[in-house]
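In the working numbering, the protein residues as written are 45 to 125.
The structure is reproduced here in structure tokens:
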């Protein structure tokens with residue numbers, strides 16, 4: 045079995061309104077040292093298959109559902125469990 049940790053964030057060229065709202069709120073709370081903030085999504089998947097099939101499955105899941113590849117980028121870590 046393999047555990048995949050998938051991280052999805054907006055691409056650099058896409059405005060992240062949630063991150064901008066959180067950044068503004070933190071500045072209002074006197075965290076003026078904050079320069080940049082990114083929000084994203086995190087998924088943790090457990091797959092009962094071989095490593096090669098797990099990689100292929102996670103890639104397909106990201107491409108088809110977990111990430112909007114037009115606006116978001118993703119990365120993942122795969123570990124045996």
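A virtual CB, placed ideally from N, CA and C, is assigned to each residue, including glycine.
Since this is a predicted model, take the numbers as computed values, not measurements.
Assumed close pair residue i, residue j - CB separation to whole angstroms, cut-off 8 Å
{"i": "residue 125", "j": "residue 47", "result": "4 Å"}
{"i": "residue 67", "j": "residue 59", "result": "Residue 67 to residue 59, Cβ: 12 Å. No contact."}
{"i": "residue 113", "j": "residue 84", "result": "Contact flag wrong, Cβ pair sits at about 14 Å."}
{"i": "residue 88", "j": "residue 49", "result": "6 Å"}
{"i": "residue 63", "j": "residue 81", "result": "5 Å"}
8 Å Cβ shell around residue i - same chain, five flanking residues per side excluded
{"i": "residue 126", "result": "It is not possible to answer for residue 126, since the shown part of the chain is limited to 45 through 125."}
Buried or exposed (CB count within 10 angstroms, at least 16 for buried), residue i
{"i": "residue 74", "result": "exposed"}
{"i": "residue 126", "result": "For the chain, the structure presents residues 45 to 125; residue 126 sits outside this window and is missing."}
{"i": "residue 41", "result": "Because the chain in this structure spans residues 45 to 125, residue 41 falls outside the shown range and cannot be described."}
{"i": "residue 92", "result": "exposed"}
{"i": "residue 100", "result": "exposed"}
Own chain residues within Cβ distance below 6 Å of residue i, not counting five before or after
{"i": "residue 123", "result": "47"}
{"i": "residue 71", "result": "none"}
Where residue i sits in the DSSP three-state scheme
{"i": "residue 90", "result": "strand"}
{"i": "residue 110", "result": "helix"}
{"i": "residue 103", "result": "helix"}
{"i": "residue 77", "result": "coil"}
{"i": "residue 70", "result": "helix"}
{"i": "residue 49", "result": "strand"}
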